[in-house]
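S.K.: Take this structure first; my questions come after.
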Amino acid sequence: MLWLAMVVVGLTGGLASGKTTVAKIFQSLGARIIDADELARAVVKPGKPAWKDVIKEFGTQVLTADNTINRQALAEIVFKSPKKLHLLQTIIHPRVAREQAKQVKNIQHEDPHAVIIYDAALLLEARAHRRMDHVMVVTADRATQLARACRRDGLTKAQALRRIRQQMPLRHKLDYADAVLDGTWSRTQLRRAVQSLYRTYVHEAMSRTARRTLNTP
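To convert, note that position 86 of the sequence shown is 86 in this note's numbering; the numbers rise steadily by one, no gaps.
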């Protein structure tokens, strides 16, 4: 999908594969970042329709004392049941998609030839890749994923494995990728690779701007 002169890149990968690090490097270079996880948190704020649907389907046991969604408690439920995970995704994904589209439009008004990185772990599972100009996948070996997830998120190895297995296998995500980055590379190697990709996306955005200018009567 072409967003006028902008370039919108879907950034995805497996659990703890290094996706967030890549997004931060893009941001430091000037790319605009839309974080799907932040959007997911926003759509389930107390009183919002998605929040009501989550409570209806999963009960008040997934609420904290201040009525916000206890993401850890909810995760414990859904990552043990593919059916319940799918139910949660049908509640969250359409609303996140609408919020993402709104943010793209807002950026469009501010910077018509921006490079936008849509950071979304479930980009492919949610079929959001259909709205992207490009898809980038960050990979990591299973041992690295487990070690990072346990250290970063405080998960047990069993919990981390359940979450990894509920996601599309990385080898299948590669089938959709226009670009692949290895999340186990050093920061220097990653930055060099991201800089090259960013220059390509900027050139594409500027070329679109030029074509639109030439085609304007």
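Just so you know, even glycine gets a beta-carbon here, dropped at the ideal spot from N, CA and C.
For MET132, collect the residues of the same chain with a Cβ closer than 8 Å to its Cβ; drop the 5 residues on either side in sequence, then sort them by chain order.
M.R.: MET1, VAL8, VAL9, GLY10, TYR118, LEU123
S.K.: At a cut of 8 Å, does the region 178 to 195 reach the region 134 to 148 through at least three beta carbon pairs?
M.R.: yes
S.K.: For GLY14, which option in ARG130, ARG152, GLN159, THR139 has the closest C-alpha, if you only look at C-alpha atoms?
M.R.: THR139
S.K.: What did DSSP end up calling LEU39 once you bin it into helix, strand or coil?
M.R.: helix
S.K.: Take every Cβ of the region 18 to 38, pair it with every Cβ of the region 197 to 210, and state whether three or more of those distances are shorter than 8 Å.
M.R.: yes
S.K.: Could you check the C-alpha separation between LEU170 and GLY18 for me, to the nearest Å?
M.R.: 13 Å
S.K.: Would you check if there are 3 or more beta carbon pairs closer than 8 Å linking the region 43 to 57 to the region 87 to 100?
M.R.: yes
S.K.: With a threshold of 16 other CB atoms inside 10 Å of the CB of THR216, please say whether the residue is buried or exposed.
M.R.: Because the pLDDT of THR216 is 49, which lies under 50, any placement of that residue in the model is unreliable, and the number read from its coordinates should be weighed accordingly. Burial call: exposed.
S.K.: Could you check whether ARG152 and ALA16 sit closer than 8 Å to each other, using their CB atoms as the reference points?
M.R.: In this structure, ALA16 sits near ARG152, with a CB-CB distance shorter than 8 Å.
S.K.: Mind checking which residues open and close the alpha helix (DSSP H) that includes ASP53?
M.R.: Taken as a continuous stretch (DSSP letters only), the alpha helix (DSSP H) holding ASP53 covers 49 to 58.
S.K.: Buried or exposed: which applies to THR20, given that a residue is buried once 16 or more other Cβ atoms fall within 10 Å of its Cβ?
M.R.: buried
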